[in-house]
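Encoded as structure tokens, the structure appears first; notes follow it.
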Amino acid sequence: MATRYAVPGRGPTQKPKGEARVVRTTDSPNCTGACGWLATVVDDTIVDLKPAADYPCQEYNPRGCLRGMSMTHLIYGPDRIKKPLIRTGARGEGQWREATWDEALDHIAAKMIHIRDTYGPESMLLFNQVVGTGYVQKGAQVRMAALLGMSFATAYDFNGDISMGFTHTMGIDCVECETKSWGHAKTAILWSSNVFQTRIPDAQFLTRVAKQRNNCKIVVIDPRCSQTAKGADLWIPINPGTDGALALAMCRVVIEEGLVDWEFLRTFTDCATLVREDNGRRLRASDVGLGGDDQFVVWDEGRGGFYVLPMDTLKLPDDVRPAFKGERQALTPEGPVQVRPVYELLEEEILLEAYRPEVAAKITDVPSETIRSLAREYATNRPSSIIIGMGLNHRLHGDLTIRAVLLLSALVGAHGKPGESVSIYSGQHHFRLDVSSWWFPGGKRPNGVPMHYFVLGRPTETINPKIKFPKNGFKALFVSHGNPLVTEFSDPIKKAIDDLDLFVAIDFSMTPTCEYADVVLPAPTFWEKKELVGTSCHPYLQIQQEVLTPRYDSRTEMWMVQELVKRVDPSLAHHFDCTEDDAIRTMLASGGKEVEGITLEQLEQGPVRLKVHDPEVGCDEQFLEHHLFPPRAYPFPEGAQREFLKTGRMEFYKEEDVFQKLGECIPVFKPAFSHLPEEDQKFPLSIVTPHSKWRVHSTHSNNPLLLNVNRGPVVEINPLDAHMRGIADGDPVEIYNLNGAYRLNALVTEAIKPGVLCVDHGWWDRYLGGGKYHSVHTHQKVKPTHENYYLPAVYAPGQHWKDTRVDIRRVQG
Amino acid sequence: MARLAMLVDLTRCIGCDACTLACKQENGTPMDTFFARVINVESGTYPNVKRFYLPVLCNHCDDAPCLKGCPNKAIFRRPDGVVLIDQDRCKGTGACVTACPYGNVYLIRKDRWYLNEDEAYERDYVKPRLHEQVARKCTYCVHRVDEGLDPACVVACPTTARIFGDLEDPASPVSKYIVEQKEETHREPFHLLPDAQTKPATCYLGPMADQSVSTLGGRAEPPIHDRGFVEAQR
């Protein structure tokens, strides 16, 4: 369809006055969709927005959604921050004075100098959102933190989007195919993923392509009949938190029915590596005198001896036949040790009574016949894809669940082809190029500290020694384009902020987080600043243009850090003696093979496809070229992930002490709520907090245009639960537990499983009937297996807010 | 002769409301006015629930009740079939609103807006697009169509579920799509409320997904400690 339209924004009755110019740009909100737009501009005002629909790969046209289309009402909305603000009353009291930039920056710089000299620069913490979308502007902030020696908390892990199940298995926190790949699937399992709302520009690959062309069977596993269930052939309303049991029961069906892809296990997984019975560690080549302790062996049935796995390729010689079963003896320097292949341990677990579909059925509420047929279909009606949503991951044992799903995919070998992958589009953490040259000048990195420890106010006992918690604690926090006071942990975050000497918020809208700040700095929207934008959804690199002059007194993040550094440490100011274009050129020049030969000039002409496979299938280098896992996680150097995936293969056995101690060496199922204190467990309902199409996290919460369609916050509740409590449709209700309470209206609906409540994520408090949004969620807790290693946003603690239990009652309106 | 029509493929449609907002963006409609809407339907009782999204807009009927009902002859049909309300002739009687069996004509006594009054974007570029206190509805974006462009909702639909063109031209995208889908997916276009006998131009192709549900239909979640599971594990 030809949609490269340049349409001046005019209606039936009137042509716009003034000269119209059309700008091709992209937006970069935290949906990470990175959609191309054509903006028609008259007199520095956007008068029309249309999808650019100019991706060279026609299938991607058009990209865009209702939120992008409504951006005008945020750019011109009433909540824009107009001038720098300095707090005059108590925190959160709403007393401000407008300041000039000089005043505001002098004020901040003086405090920064004091904190740096008194407590050390690492006491100042930067927390900025969606760094993966804004390589230049967000990168400038990181560059400042690096140069000044500040601490830096990556948002991705604190948001709970980090998928430690992937890190444990593949050595990287998320794996994605480009969404075009979905179109090839004949079986697509959307496991708690609601792509019809959260991946609107990409959903067409399921409906228009997979369904319409291949009559793909689409299955939605979700306690809620989500919007995506509309397009699904089968909806499986699973009991919340029992997905791991379902995945392992499906694994059992695959094994029992002989559907295992042994060639896949042999090549890409650790299933044939051997585990020592004496200490639970994997058998090393050095244990049997065949090599180093960074090499691993399998038992080769062909030769009747140990075979050392190559550590430069996944390809095994054809005549090597690794044993997947059978106990053997290894003669180690410490004496003879019994060893067994990983696969045998996995099979032993999976064949436990607990994972017999008839038993799992009672736990998951999925009929055993469905478990069997779904497993069969997934294994045989190929290509088959799984898209994982955050309902699986936002749980303490979400890592185990995802490991179980990955095990299922590995058993049938559903990876490495168009339409075959397990993808998790959780935030835009996947950097498409190495941004180090811009972010980390001279290789200097900021002090990485997960935000979790800031919120806890202290390190945990099990904190990874690589993480340097500031010796004097945190004294300053800079939040840029984040809204942590609207997330599930807002109360604990507030308490942590209360101990600070300085809290600076940088944003374009006066969010609840800004309202609690000491100094608020007005930033432009992504229609008013230049950026280099990439996404994991599609492999196009794009330029975000300064379509409008920054409105009011807003200034780019780049300008802000230039001015701050000048004040705090003039000797470093020369590092910022550059423009956005310079930063883009620097990154492209040293961005790695994906951007080799791509120039700023090309990007100015339109989207440019990265130098990657077409279509990208996820872990392309591993599955297509047999490079060792893990794929490199930009912006970290090659090898940075090796320590947590020592075999270089998909690991379904984790040998480290902490896994052994917790009984999580292999993916097992652990009931979701059993880690909660007894008194929390007594609450009868569970609550899910999915993203909706009306917002990107909390962005657009205040968009008057979208509010006109979406109205206000509601809690979805099944009539069985509602009637029992005397709640009727539309009633004002309160959701409560021991952590907190908040009020909104009930939406009594048959489209949700009894026993489950659902409230959309991201509403600002002011739209509630009272209370603090999401204040019921379980408080910060860090899983020790997430602390075993540390690599910011790759191996770091996740979140578990969906493990919350609540009750609901009717209140007076 | 021509017969402009829009076809909405309900297999492709994901109910995302991009059309709703694209229409507002293009036509500058005030608060609570939606020339393009998506009706969200839930049917059945748990667990046998179905979800359905039905995008609706003016049907540009051959036999348009709004046109017949207007006492001021303000509504007319162009030779290409597009039904328009003459904004200068309309006296705001509301007869068309009553006459339309689809509820697709809007008449508001006082327009309310979204942004602060001094905001140039809305004041200078949005509000002037439509007259106040007259009946208003979808025009198939004729101002675009006349320039050779597709309607705003069509170019903005991220799943290309909306297909626009001349039904009487076999080479038009909509005609070709209807033929192709008859062959490939055995679907025939249909109209809404055929009993109203208005002969709409806007038509639909049905959803292909089976939409079945699979659960034991459990009342609520299992006990948290789940002894059954823990014991079975041993």
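Sequences listed follow chains A and B, in order. Each step along the first sequence adds one to the number in the working numbering, with nothing skipped, and position 172 is 152. Plus 29 on top of the position in the second sequence (first one is 1) and you've got the working numbering. Glycine is no exception: its CB is placed at the ideal position from the N, C-alpha and C atoms.
**Message:** Strictly under 7 angstroms for the Cβ-Cβ distance: is residue 30 of chain A near chain B by that measure?
**Reply:** yes
**Request:** Give the DSSP-derived three-state secondary structure of residue 373 of chain A in the structure shown.
**Result:** helix
**Item:** Contact belief for residue 790 of chain A with residue 711 of chain A at Cβ below 8 angstroms, rounded distance in angstroms
**Value:** 5 angstroms
**Prompt:** First and last residue of the alpha helix (DSSP H) that includes residue 413 of chain A?
**Reply:** Per DSSP, residue 413 of chain A belongs to no alpha helix (DSSP H) and is neither H nor E.
**Message:** With H, G and I counted as helix, E and B as strand and the rest as coil, what does DSSP make of residue 270 of chain A?
**Reply:** coil
**Message:** Excluding the 5 residues flanking residue 321 of chain A on each side, which residues of the same chain have their C-beta closer than 8 angstroms to its C-beta?
**Reply:** 251, 252, 253, 254, 255, 278, 279, 302, 303, 304, 305 and 306
**Asked** From A/521, A/539, A/94 and A/713, pick the residue whose C-alpha is nearest to that of residue 481 of chain A; which is it?
**Response** A/94
**Item:** From A/740, A/627, A/680 and A/758, residue whose alpha carbon lies closest to that of residue 148 of chain A
**Value:** A/627
**Request:** Mind checking the segment 172 to 193 of chain B against chain A and listing, in chain order, the residues whose C-beta falls within less than 7 angstroms of any C-beta there?
**Result:** 172, 173, 178, 184, 185, 187, 188 and 189
**Item:** Cβ-Cβ distance between residue 128 of chain A and residue 101 of chain A below 7 angstroms
**Value:** yes
**Asked** Looking at the C-beta of residue 710 of chain A, does it have a partner C-beta in chain B at a distance below 7 angstroms?
**Response** no
**Asked** From residue 54 of chain B to residue 563 of chain A, what distance separates their C-alpha atoms?
**Response** 34 angstroms
**Prompt:** Going along the chain, which residues of the segment 758 to 783 of chain A sit with their C-beta nearer than 9 angstroms to a C-beta in chain B?
**Reply:** none
**Asked** Quick one: what's got a C-beta closer than 6 angstroms to residue 111 of chain B's C-beta in the same chain, skipping five residues either side?
**Response** 33, 89, 169 and 171
**Prompt:** For the segment 243 to 276 of chain A, which residues have a beta carbon sitting closer than 9 angstroms to at least one beta carbon of chain D?
**Reply:** Considering every chain present, this structure includes no chain D. Its protein chains are A and B.
**Message:** Cβ closer than 7 angstroms: which chain A residues qualify as neighbours of residue 78 of chain B?
**Reply:** 205, 730 and 731
**Message:** Could you check whether the Cβ of residue 217 of chain B sits closer than 7 angstroms to any Cβ belonging to chain A?
**Reply:** no
**Asked** Does the distance from the C-beta atom of residue 667 of chain A to that of residue 758 of chain A stay below 7 angstroms?
**Response** no
**Item:** Runs of alpha helix (DSSP H) wholly within the segment 693 to 743 of chain A (minimum 4 residues, chain order)
**Value:** 699 to 704
**Asked** Just reading off the beta strand (DSSP E) that residue 81 of chain B is part of, what are its end residues?
**Response** 79 to 85
**Three CB pairs or more closer than 8 angstroms across the segment 137 to 153 of chain A and the segment 502 to 521 of chain A** = no
**Message:** Relative to the C-alpha of residue 573 of chain A, which candidate in A/610, A/413, A/536 and A/317 has its C-alpha closest?
**Reply:** A/413
**Asked** What are the boundary residues of the alpha helix (DSSP H) that residue 279 of chain A is part of?
**Response** Careful: residue 279 of chain A lies outside any alpha helix (DSSP H), inside the beta strand (DSSP E) at 277 to 280.
**DSSP bridge partner residues for residue 772 of chain A (one or two, in chain order)** = Partner(s): none; residue 772 of chain A has no beta bridge.
**Message:** So within the segment 434 to 462 of chain A, which uninterrupted beta strand (DSSP E) runs reach at least 3 residues, ignoring any that extend past its ends?
**Reply:** 456 to 460
**Asked** Nearest CA to the CA of residue 54 of chain A: which residue from A/619, A/491 and A/536?
**Response** A/491
**Asked** Starting from residue 565 of chain A and walking both ways along the alpha helix (DSSP H), at which residues does that stretch end?
**Response** 560 to 569
**Prompt:** Is there contact between the segment 153 to 173 of chain A and the segment 578 to 598 of chain A, where contact requires at least three CB pairs shorter than 8 angstroms?
**Reply:** yes
**Prompt:** residue 159 of chain B: which of B/175, B/174, B/147 and B/141 sits nearest, CA to CA?
**Reply:** B/141
**Message:** Please return the same chain residues whose Cβ sits closer than 6 angstroms to the Cβ of residue 671 of chain A, not counting the five positions on each side in sequence.
**Reply:** 178 and 741
**Message:** Quick check: what's the CA-CA separation for residue 103 of chain B versus residue 92 of chain B?
**Reply:** 16 angstroms
**Asked** Would you report the Cα separation of residue 371 of chain A and residue 161 of chain A, rounded to the nearest angstrom?
**Response** 23 angstroms
**Request:** Since I believe residue 368 of chain A is in contact with residue 382 of chain A (beta carbons under 8 angstroms), could you give me their beta-carbon distance rounded to a whole number of angstroms?
**Result:** 6 angstroms
**Prompt:** Given that a residue counts as buried once 16 or more other Cβ atoms are within 10 Å of its Cβ, and exposed if not, what is residue 469 of chain A?
**Reply:** buried
**Prompt:** Whose Cβ in chain B lies nearer than 7 angstroms to the Cβ of residue 5 of chain A?
**Reply:** By Cβ distance, chain B contributes nothing, its closest Cβ being about 16 angstroms from residue 5 of chain A, past 7 angstroms.
**CB contact flag (residue 341 of chain A, residue 347 of chain A, <7 angstroms)** = yes
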